[in-house]
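Structure, as structure tokens:
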């Protein structure tokens, strides 16, 4: 056993392997250069969204190539090829420069692992590198959570990120909702909109309410988070809420539908009558259409008419 370890260390020394500890994962790598066509992107990369970046291409040109090597591994299925562990955007934008005729960027620096990593190791390494490089922005954290669930399931994703499954689900739900917001001046604002919606009471925010909010934000009927927070009041009022859900309903018009607060709290029979009257006044016409011709409802109305007539006669004497 000792001989095997010594021989492995000697081989590592010969080819210039260095050991890197990235969180819980230890890898051994060596530095080299290769043609850009020898590198293959990773289809199980956690990062989503566009990778072409004009500013990054300008940086590559200014540095006369990539300043930081791509971290790659021997491709498990294609001989003499490397698969990207970290550096997908750098590879994509270098490739764009080469395709534009800038052949001087064809040779790229790489740091190669001495073996192909497992899926779990690869994801842990990628996440560790990105967390060390910078704080994840508002979209990155939710995006990675969502992507990891797709790649390996909720339990494994939560384990790799070091959070509970419940926390993971919240992050993924925010990202999934953010994908529905369109035509925003700043695309990163989609996460902010999503978080605002998710911050509303779950009892009030039904799927139909979410659909209405997304549609109205996309149509610029809702333009800021201050307006959105008014829904905490609107959605508690059945009349105002029903109005908001209509296509033409806006935050301002829904606020006008709110029942007026009654500062003097009444009690007894008079108060009960007030409640009954307001209930009848606030009944949407769509509900009236549904009740049209209903024999049970007509019988109840007839009984109520008789009681009210008798009550009026008694009180007027």
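In this note's numbering, the protein residues as written are 74 to 390.
Glycine included, each C-beta is placed from N, C-alpha and C at the ideal position.
So residue 267 packs on residue 247, CB below 8 Å; how close in whole Å? Indeed, because the Cβ distance is near 5 Å, the residues count as touching under 8 Å.
Which of helix, strand or coil DSSP assigns to residue 130: Three-state DSSP puts residue 130 in a helix.
Considering only DSSP beta bridges, list what residue 92 is partnered with. 101
Rounded to whole angstroms, what is the Cα-Cα separation between residue 320 and residue 369? 32 Å
Could you check where the beta strand (DSSP E) with residue 184 kicks off and where it finishes? 180 to 186
Determine the extent of the alpha helix (DSSP H) in which residue 325 is found, giving its start and end residues. 324 to 329
Taking 7 Å as the cut-off, is the CB of residue 168 close to at least one heavy atom of the ligand HEM? This structure does not include the ligand HEM; it has no bound ligands of any sort.
Please report how far the alpha carbon of residue 385 lies from the alpha carbon of residue 290, in whole angstroms. 51 Å
Three-way DSSP call (helix, strand, coil) for residue 77 in this model: For residue 77, the predicted model reports a pLDDT of 43, less than 50, meaning its position is unreliable; a value from the coordinates is still stated below. Looking at residue 77 - three-state DSSP - the assignment turns out to be helix.
Distance between residue 240 and residue 106 (C-alpha atoms, nearest Å): 41 Å
Compare the beta carbon distance of residue 166 and residue 109 with 8 Å and say whether it is the shorter of the two. no
How many angstroms separate the CA atom of residue 219 from the CA atom of residue 96? 22 Å
Consult DSSP for residue 197 and reduce its assignment to one of helix, strand or coil. helix
Residues in its own chain within less than 8 Å of residue 89 by CB, not counting five upstream and five downstream? 103 and 104
Looking at the structure shown, is residue 175 part of a helix, part of a strand, or coil, going by DSSP? coil
DSSP state of residue 398 mapped onto helix, strand, coil: The requested residue 398 does not occur in the structure, where the chain is confined to residues 74 to 390.
Take residue 155 as the anchor and find which of 276, 144 and 162 has the nearest alpha-carbon. Closest option to residue 155, judged by alpha-carbon separation, among 276, 144 and 162: 144.
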